[in-house]
Amino acid sequence: MIPANPICVALDTPDLDRARDLARILKPHVGMVKLGMEFFYAHGRQGYEAVAAEGLPVFLDLKLHDIPNTVASALASLMKLEPKPLMTNVHATGGLDMMKAARDAVDGKSLLLAVTVLTSLSDDDIVSIGFNPGKVTRDHVRSLAELAIEAGFDGVVCSPEDVRAIKSLAGRKLLTVVPGIRPVQVSAGDQKRVSTPEKTLAAGADILVIGRPITRAADPALAARMILDSLQ
Ligand code: C5P
1 MIPANPICVA
11 LDTPDLDRAR
21 DLARILKPHV
31 GMVKLGMEFF
41 YAHGRQGYEA
51 VAAEGLPVFL
61 DLKLHDIPNT
71 VASALASLMK
81 LEPKPLMTNV
91 HATGGLDMMK
101 AARDAVDGKS
111 LLLAVTVLTS
121 LSDDDIVSIG
131 FNPGKVTRDH
141 VRSLAELAIE
151 AGFDGVVCSP
161 EDVRAIKSLA
171 GRKLLTVVPG
181 IRPVQVSAGD
191 QKRVSTPEKT
201 LAAGADILVI
211 GRPITRAADP
221 ALAARMILDS
231 LQ
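At position 103 of the sequence shown the residue is numbered 103 (my numbering), and the sequence of numbers has no breaks.
Quick look at the structure:
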């Protein structure tokens with residue numbers, strides 16, 4: 001079910017034509033596309049279907065975070081999309097009951113991922129928002145991954161530096177879908193916990209989520225090709 005090509009390109013744009021064009025030109029070089037809030041809030045179901053029609057599987061990255069009933073109802077609506085998203089997600093910090101309600105609503109129609117700790121947050125940020133003060137981010141991620149396993153999730157979204165620990169905890173049971181990927185020559189931007197595509201794959205990541213290093217390159221197809229080549 002997971003494509004052999006581990007690159008998932010994040011089409012973070014509110015421009016439907018641009019998203020569709022990128023999906024078309026990147027199709028030979030990536031395994032999947034990711035549509036997030038920026039795109040879905042602008043174009044909804046029709047925009048999703050237009051991009052999906054280009055033929056790549058879609059990771060619908062809406063990072064739901066609300067009470068169990070609301071998250072379950074939202075996912076039930078999303079599961080009416082055609083084609084179904086290959087993967088979708090909720091925040092693990094919504095808690096175990098919310099994650100179980102999400103799992104029941106998705107009911108195997110998509111792979112369900114739990115977002116652990118955003119790759120844009122540092123240890124200091126984690127403490128400043130009051131999550132487990134005193135616990136380092138790595139431990140926090142591990143606790144959230146354990147909750148995801150308990151809730152019967154298919155995988156987690158985690159940073160490159162968390163992949164090894166999660167794989168040793170869960171092995172093949174839990175997919176690791178990993179943003180914060182930066183080829184050495186590209187700046188980190190707002191991402192704080194980053195690594196290269198090669199190191200992240202070697203650590204055991206299943207899917208590499210890559211946005212700006214591809215979409216903002218002068219030649220996105222060439223940028224994706226070079227990353228894919230570096231992985232082989
Ligand atoms: O442009 P860049 O490669 O930083 O894009 C990363 C993508 O991964 C963005 O679409 C962002 O929303 C998403 N993401 C993330 N960190 C997470 C979960 C998702 O950066 N923890």
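Here a beta-carbon is modelled for each residue, glycine too, at the ideal position from N, C-alpha and C.
Under the DSSP assignment, HIS91 falls in the beta strand (DSSP E) whose first and last residues are 87-91. Judged by their CB atoms, LEU144 and THR116 are nearer to each other than the 8 Å cut-off. The beta-carbon separation of VAL163 and THR119, rounded to 12 Å, does not stay under the 8 Å limit for a contact.
In this structure, ALA19 places its C-beta atom within 8 Å of the C-beta atom of VAL51. The Cβ-Cβ distance between LYS80 and ASP61 does not fall below 8 Å.
In the three-state scheme derived from DSSP, where H, G and I count as helix and E and B as strand, ILE7 is classed as strand.
Short of 8 Å from the beta carbon of MET1, and not among the five residues preceding or following it, lie these beta carbons of its own chain, in chain order: LEU86, LEU111. Note on ARG216: under 16 other CB atoms within 10 angstroms of its CB, so exposed under the neighbour-count rule.
Restricting attention to alpha helix (DSSP H) runs no shorter than 4 residues, the region 186-216 encloses them at 197-202, 212-215, ordered along the chain.
At a Cβ-Cβ threshold of 8 Å, LEU208 and ILE25 do not count as neighbours.
Using a Cβ distance threshold of 8 Å, ILE214 and LEU174 do not count as a contacting pair.
A distance below 7 Å between beta-carbons, with the five flanking residues on each side excluded, links HIS140 to the following residues of its chain, in chain order: VAL117, ILE126, PHE131, ASN132. Residue pairing by DSSP puts VAL156 in a beta bridge opposite ALA114, THR176. For ALA114, the closest of ASP124, ASN89, THR137, LYS135 by C-alpha to C-alpha distance is ASN89. For LYS135, there is no enclosing alpha helix (DSSP H), as DSSP marks it with neither H nor E.
DSSP lists SER195 as the bridge partner or partners of ILE181. DSSP places VAL58 in the uninterrupted beta strand (DSSP E) bounded by 58-64.
Around the beta-carbon of GLY47, 16 or more other beta-carbon atoms lie within 10 Å, marking it buried. The DSSP-derived three-state label of LEU35 is strand. As the crow flies, the alpha-carbon of LYS100 is around 33 Å from that of ALA23. In this structure, the CA atom of VAL184 is about 12 Å from the CA atom of MET226.
The beta carbon of ASN5 is closer than 7 Å to those of VAL30, GLY31, LEU228 in its chain, skipping five residues each way along the sequence.
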